[in-house]
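Student: Chains as they are written, first to last, in the numbering used here: chain Y, -10 to 328; chain H, -10 to 328; chain W, 570 to 897; chain V, 570 to 897. Cβ atoms here follow ideal geometry from the backbone N, Cα and C, with glycine treated the same way. I am attaching a structure below and will ask some questions about it afterwards.
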Amino acid sequence: MTTMTDRKLTMQKAIAEGIAQEMAVDPSVFVMGEDVGVYGGIFGATEGLLDKYGPERVIDTPISETGFIGAAVGAAINGMRPIVELMFVDFFGVCMDQIYNNMAKIHYFSGGNIKVPAVLTTAVGGGYSDAGQHSQTLWGLFAHLPGLKVVVPSSAYDAKGLMISAIRDDNPVMYMFHKGALGLGWMVNNPHATGPVPEESYTVPIGKARVAREGTDVTIVTVGLSVHKALDAAALLEADGVSAEIIDLRSLVPLDREAIVASVQKTHRLLVVDEDYQSFGMSGEVITTAVQGAFDYLDAPPVRVATPDIPIPYSHPLETWTLPSVDRIVAAVTEMVSG
Amino acid sequence: MTTMTDRKLTMQKAIAEGIAQEMAVDPSVFVMGEDVGVYGGIFGATEGLLDKYGPERVIDTPISETGFIGAAVGAAINGMRPIVELMFVDFFGVCMDQIYNNMAKIHYFSGGNIKVPAVLTTAVGGGYSDAGQHSQTLWGLFAHLPGLKVVVPSSAYDAKGLMISAIRDDNPVMYMFHKGALGLGWMVNNPHATGPVPEESYTVPIGKARVAREGTDVTIVTVGLSVHKALDAAALLEADGVSAEIIDLRSLVPLDREAIVASVQKTHRLLVVDEDYQSFGMSGEVITTAVQGAFDYLDAPPVRVATPDIPIPYSHPLETWTLPSVDRIVAAVTEMVSG
Amino acid sequence: MDIPKAHLVDMYETMVRIRRFEERIRELYFADKLPAFDIAAGLIPGEMHLAAGQEPVAVGMRPHLHPGDAITATHRPHHVAIAQGVDLNKMAAEIFGRETGLGQGKGGHMHLFSVEPNFGCSGIIGEGMPVAVGAAMAFKARGTGNIALSYFGEGAANQGAFHESLNLAALWKLPVVFICEDNAYAISVPKASSTAIPDNSDRASAYGIPGVLVPENDPVAVYEVMGAAMDRARRGDGPSLIEIKTDRLWGHFEGDADAYRSDEFKEDMNVRDPLVAFGKRLVEEGVLSEAEQAAIKEKEYATVEAAIDFALASPYPAPEAALNHVFA
Amino acid sequence: MDIPKAHLVDMYETMVRIRRFEERIRELYFADKLPAFDIAAGLIPGEMHLAAGQEPVAVGMRPHLHPGDAITATHRPHHVAIAQGVDLNKMAAEIFGRETGLGQGKGGHMHLFSVEPNFGCSGIIGEGMPVAVGAAMAFKARGTGNIALSYFGEGAANQGAFHESLNLAALWKLPVVFICEDNAYAISVPKASSTAIPDNSDRASAYGIPGVLVPENDPVAVYEVMGAAMDRARRGDGPSLIEIKTDRLWGHFEGDADAYRSDEFKEDMNVRDPLVAFGKRLVEEGVLSEAEQAAIKEKEYATVEAAIDFALASPYPAPEAALNHVFA
Ligand SMILES: Cc1ncc(C[n+]2csc(CCOP(=O)(O)OP(=O)(O)O)c2C)c(N)n1
Ligand SMILES: Cc1ncc(C[n+]2csc(CCOP(=O)(O)OP(=O)(O)O)c2C)c(N)n1
Ligand SMILES: [Mg+2]
Ligand SMILES: [Mg+2]
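Below is the structure:
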């Protein structure tokens, strides 16, 4: 239950507020990661927490991701509810074993006897020329592996509510926030990044997609910053007489397949917009879901606008060409509806 | 050009022979990994090499995957052609950064100036109760990330030819061999694991699928050990009057999309059999390829028989139920053609 | 030996129990896999890493354990699990893949998890080390007075997780004891081919913590060194690194031809079998007579047999149970 | 200083060149990002880690380098790249994202790769360390007589890759020199909050190799220590670990408010600026007069300006060029 609110926050502040509120009510919640304390998180997700809760509960770590993410696993199975930050998702390669083989599988191996209530926060996404080792989203990769819930908020409201849900969840939850959607002062200015956020604590359910925009001619399924791009594209398409429905998945695991199928059954067309690499990932999964669930409804083959299967290049014109854009979305929908 | 041969080898011996032959002609080729020397590789992929080429070229390493796979990168860009073994693909989590962020991306970052001719061999697959950290295939995950070629032989002939191609390739190639397809004396007995292999050196092109069986009613796209299961299923289906065509992808990157589309255009039906986790992986990619390339040809929604999105369980009845099986393939095809 | 007799007896009993368990698992492992060994066949399919010979490493800490102390062990976990008191029936049932097992058959021999006692292990080298660090963080935050023990092989000491875990534990002065089981081999690779210095205990100086080498495979020596390290951790004085020279009497896994170790090496090892040696010493020092030892054997053998009977009498899980417990 | 004058002059020139390059990049980085700083905007978008103050660490090895020696550097790579002699025009062009850049604009400032000289760097902490090990393996196998230098920050010394790399290099006696640039901070985290012991050089004992601390941020001290370590490696006597105390004069990246370092700390740092100090000393010791130093400045400034002009005059790559060079 949430009340209406006029208060607007950026997504970054909404995340930090969600963590702060859970820390206030649950002493087992603590935060650790690189630069989460004094610095407040490189992307501000832990802003203000050190001052409020002190260095015992907001812990700056050495650059030892295997060590401290594994420590989060150990703390989680021993009565704590750690929130542990992997500064950029791109760094997963130095610590993936602890994430996918340990954090994600202990509950299963133990036959349900042991719970691992950890939240793994991480920044994702490109668009500001941080090149191939700092710009990836990689959510398809994490969603491919069993045992982790994977959430990706696109709005300030969802960001706070999903964070509180993630902390209270008895499972490991990977919480991926898109740098470009945070509303950071020093990042590309993004009007969608700020929105109404109730002051009180509330949850947003993990595993439920959100209809970000209703429409009748085409379904655009997407997540993260691309929701904003899709909204901008939909506004342009509206002017051309094309009505796009936008599904913001909000979580990849569990995946709200019903929402995808229902929308495609209504619009008969599907575009998937995915900032992750195109092949062997989310876009193929969403298309398969739609094809299997709405085979007889599809008027055209589903299409995808994704990051091609190339490392994300540094130079501005290269990167701009590589990542999904409003233009590419408009062009893809236009071709689909006219084809 | 290869000559006909009566000589039969197991896939394991074919791999070791391919490596040995390249080591004989190219002094820059060397092998390193855990237990690749005295032991000959836990799955025999490097059998006999230490005796032939000595400890300078066949190097037993400490358990330091980040260290020695990263070293393979350094050696590859400095004039060598390392073959480096990750004992089980499941262990990728301790060294993934070196694989996906470094080995796979240096060529791109360097604007093509630097080549990384390394082969990363690894054992994949379950079926012998090795539980959730030793039974995965994970090829969908590697194929999702740009910069690595990914090959998966299913026959002794392909195993040798693909190994030689991989060694000669100027790109990093991930060479994944399925434990159950190797023909190891101590592993489940598998009659498909032995086949004719020419003595001389030959290559099999990377990126070309193989029609493992021609058929007319349904296309089964698969890879690795599941090719054998599909062949067995096809034999049973034939008795029921169903003619299945089997496409052995042989490589996931590059993916032979033409072969998939051509076969589906012929049979009008598609089943993907994938021992990797079902969601966000290979099965969705193959289905998307078929839907986009053969939309008007499909008589029914494509179907998949994969490992469900659960860690691979240990206990024999659980594991048997979890992994793709001949029974599940037969049932899926039967339902599709009768539906 | 100025050790309470009860502790000596307890350690001996536990060693007997461990050895018997490993022997019986070995027999049953091979029973229906031979003559043509097939790893996928039989009552216990899959890899099987047994710890016969390494009992001292496990039992030495046992008298110093408190309820709630956490242990993380390796792919070769049985001796440590038994020494901590993990339910032997459920452990056996897990190894046989039964519904009554610790993990209802989902984990198997490399993935034994128990809440009370607080035990876990893993199939990935070094994976348990950071987990022990985190357990110690939780104990410190919650003020439980507990400590964490992290077991790992000498091969694991060259894995990055070793370095990160020791640094974190030392930096944060956490109640952890790191125990390196140095059986001289990582599968076929001898220590000298993997480790740049002779003794991993010397690596403690890289973290400013005590490093202690136990040069003999003897429960009494382990008892003493572990007692001091565990006390230190419990007092709040931070972690220690202990390296114990021990012997893996059998192959790396069952079915391993073990051709990489010389006959002489194997013979020497068997001559110094720690169970035999400890038994002799207890007789010599008047702690346990041969007759008393025989009685202990009888009792422990029966305990092991009961666990195996329990396992064998338990049903397999239903196939679709594979879907349970992915999420809580 | 019994160092050849040519070496001293060369080191000074290189320090001037590095500092000027960093200053100009800094100016141009901010030029079109302010007043409302937007990281994505301007001629140089993205993160920018500059190394002003750390020049001694880079130039000290320069006179001892041979053609073909490999260097792997970090996310803060310019000073090392310039010291090794990476083409300044192409390097600048890469930083500005141009087609003429080292990587045709694909890599950017954290991913500078050069074949001759043999240079690479990376955005991932510790990633270059195993690469240096592998380069050394190749040199040894091919008998080239070359060595590899691996640079990393003091923060990186707590990453698993550090441990694995040093162990491998020591075990295989490879020609590598590991150089820890200790600027006391990893972003906002001070060394004392990340490293369990005061000096990483003491960690060399965990690998049985020499560990040397250079306690001052001085090119001459670095020259001497690096000379010995590089000779040792080239002779075939194996790796060394060198830790150099240095200063990062500016923020972690440009735009960093740097609030985690006290004003006093920053003031002290600026007072001991190594470029100023080295210049003074060269005057004092009669190696280079003030006038000579001014002439060097003029020349080096012109070199830097020419590189920037080259970059700015170069075209951006065509957008679809993004597809090239995924595979060879
Ligand atoms: C990260 C990782 N690398 C490799 C392996 C394969 N492996 C299993 S046990 C083992 C040897 C371990 O040696 P050691 O740590 O000395 O333990 P021991 O087997 O001697 O008890 C290896 C290499 C693994 N399980 N995990
Ligand atoms: C594996 C990994 N973890 C974290 C980061 C984020 N990061 C970039 S630079 C840096 C600090 C590095 O400190 P140090 O090694 O001392 O080098 P310095 O920046 O001081 O030169 C961090 C944490 C990263 N790039 N890679
Ligand atoms: Mg060992
Ligand atoms: Mg630093």
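Identify, in the order they occur along the chain, each residue of the same chain with its Cβ nearer than 6 Å to the Cβ of methionine -10/Y, setting aside the five sequence neighbours on each side.
Tutor: Confidence at methionine -10/Y is low in this model, with a pLDDT of 44, below 50, so the placement of that residue should be treated as unreliable; the coordinate-derived value is given next. Nothing meets the Cβ criterion.
Student: Run through DSSP, which three-state label would histidine 217/H get?
Tutor: Looking at histidine 217/H - three-state DSSP - the assignment turns out to be helix.
Student: Could you give the first and the last residue of the continuous beta strand (DSSP E) run that contains threonine -1/H?
Tutor: Start and end: -3 to -1.
Student: Does the CB of arginine 711/V have a neighbour CB from chain H at under 8 Å?
Tutor: Cβ-Cβ to chain H under 8 Å: yes for arginine 711/V.
Student: Can you find the residues in the same chain that come closer than 7 Å, C-beta to C-beta, to isoleucine 865/V, ignoring five residues on each side of it along the sequence?
Tutor: So the qualifying residues of the chain are Tyr581, Glu582, Val585.
Student: Between which residues of its own chain and isoleucine 694/W is the CB-CB distance below 6 Å, once the five residues before and five after are set aside?
Tutor: Closer than 6 Å at the Cβ level, and outside the excluded window around isoleucine 694/W, lie Ala725, Gln728.
Student: Could you tell me if threonine 205/Y is buried or exposed, where buried requires 16 or more neighbouring beta carbons within 10 angstroms of its beta carbon?
Tutor: The residue in question, threonine 205/Y, is exposed, as its Cβ has fewer than 16 Cβ neighbours within 10 Å.
Student: Closer than 8 Å, CB to CB, is isoleucine 693/W near chain Y or not?
Tutor: At least one chain Y Cβ lies under 8 Å of isoleucine 693/W.
Student: Helix, strand or coil: how does DSSP classify aspartate 607/V here?
Tutor: Aspartate 607/V falls in the coil class under three-state DSSP.
Student: Taking the C-alpha atoms as reference points, what is the distance between asparagine 91/H and aspartate 842/V?
Tutor: In a straight line, the C-alpha of asparagine 91/H is about 35 Å away from that of aspartate 842/V.
Student: Please name the residue, chosen from Asp751/V, Ser809/V, Glu591/V, that lies closest to asparagine 786/V on a Cα-to-Cα basis.
Tutor: Selected option, being the one with the closest Cα: Asp751/V.
Student: Please classify glutamate 591/W as buried or exposed, where buried requires at least 16 neighbouring CB atoms within 10 angstroms.
Tutor: Its Cβ being crowded by 16 or more others within 10 Å, glutamate 591/W is buried.
Student: Would you say serine 883/V faces chain Y, with C-beta separation under 8 Å as the test?
Tutor: So no, serine 883/V is outside the interface.
Student: Under 6 Å, CB to any heavy atom of ligand 3. Which residues pass, going along the chain?
Tutor: Result (chain order): Gly722/W, Glu723/W, Gly724/W, Asn752/W, Tyr754/W, Ala755/W.
Student: Is the CB-CB distance between leucine 782/W and glycine 100/Y below 8 Å?
Tutor: In this structure, glycine 100/Y does not lie closer than 8 Å to leucine 782/W by Cβ.
Student: Quick check on DSSP: helix, strand or coil for methionine 325/H?
Tutor: In the structure shown, methionine 325/H sits in a helix (DSSP, three-state: H, G or I).
Student: Quick check: what's the CA-CA separation for threonine 815/V versus valine 73/H?
Tutor: The straight-line gap from Cα to Cα measures roughly 37 Å.
Student: Report the CB separation of serine 240/Y from valine 140/Y in whole angstroms; it is logged as a contact under 8 Å.
Tutor: Going by Cβ atoms, the distance from serine 240/Y to valine 140/Y rounds to 4 Å, so yes, they are a contact pair.
Student: In whole angstroms, give me the CA-to-CA distance for glycine 615/W and isoleucine 31/H.
Tutor: Looking at the two C-alpha atoms, the distance is approximately 14 Å.
Student: Return no unless some Cβ of chain H is closer than 8 Å to the Cβ of isoleucine 651/V.
Tutor: False, the Cβ-Cβ gap to chain H never drops below 8 Å.
Student: Who are the Cβ neighbours of lysine 602/V in its own chain at under 8 Å, not counting the five residues just before and after it?
Tutor: Closer than 8 Å at the Cβ level, and outside the excluded window around lysine 602/V, lie Ile608, Ala610, Gly611, Gly824.
Student: Considering only the alpha carbon of each residue, which of Leu737/W, Gly820/W, Lys574/W lies closest to lysine 760/V?
Tutor: Of the candidates Leu737/W, Gly820/W, Lys574/W, the one whose C-alpha sits nearest the C-alpha of lysine 760/V is Leu737/W.
Student: Determine contact between the region 743 to 750 of chain V and the region 821 to 837 of chain V, defined as no fewer than three beta-carbon pairs at a distance below 8 Å.
Tutor: Segments in contact, no.
Student: So, does the CB of phenylalanine 708/V fall closer than 8 Å to a CB anywhere in chain H?
Tutor: Taking Cβ atoms only, chain H reaches closer than 8 Å to phenylalanine 708/V, which makes this a yes.
Student: Confirm, please, whether the CB-CB distance from alanine 120/Y to isoleucine 301/Y is below 8 Å.
Tutor: Yes, they are a contact pair.
Student: Between tyrosine 191/H and glycine 150/H, is the Cβ-Cβ spacing less than 8 Å?
Tutor: Contact: yes.
Student: Nearest to proline 888/W by alpha carbon, out of Gly674/W, His647/W, Ile594/W?
Tutor: It is Gly674/W.
Student: Tell me which residue opens and which closes the beta strand (DSSP E) that asparagine 687/W is part of.
Tutor: Its beta strand (DSSP E) spans residues 687 to 689.
Student: Where glutamate 668/V and histidine 678/V are concerned, what is the direct C-alpha to C-alpha distance, given to the nearest angstrom?
Tutor: If I take the Cα positions, the gap works out to 14 Å.
Student: Along the chain, where does the alpha helix (DSSP H) that runs through methionine 706/V open and close?
Tutor: Run containing methionine 706/V: 697 to 711, per the alpha helix (DSSP H) assignment.
Student: Can you tell me whether alanine 773/V is helix, strand or coil according to DSSP?
Tutor: Alanine 773/V falls in the helix class under three-state DSSP.
Student: Does the Cβ of arginine 589/W lie closer than 7 Å to at least one heavy atom of ligand 2?
Tutor: It does not: the Cβ of arginine 589/W is nowhere closer than 7 Å to a heavy atom of ligand 2.
Student: Using the rule of at least 16 other Cβ atoms within 10 Å of the residue's Cβ for burial, across every protein chain shown, is asparagine 839/V buried or exposed?
Tutor: Asparagine 839/V should be labelled exposed.
Student: Mind checking who cysteine 749/W pairs with in its DSSP beta bridge?
Tutor: Answer is Phe721/W, Glu812/W, bridged to cysteine 749/W.
Student: If we call anything under 8 Å between Cβ atoms a contact, is valine 326/H one with alanine 283/H?
Tutor: Taking 8 Å as the Cβ cut-off, valine 326/H and alanine 283/H do not qualify as a contacting pair.
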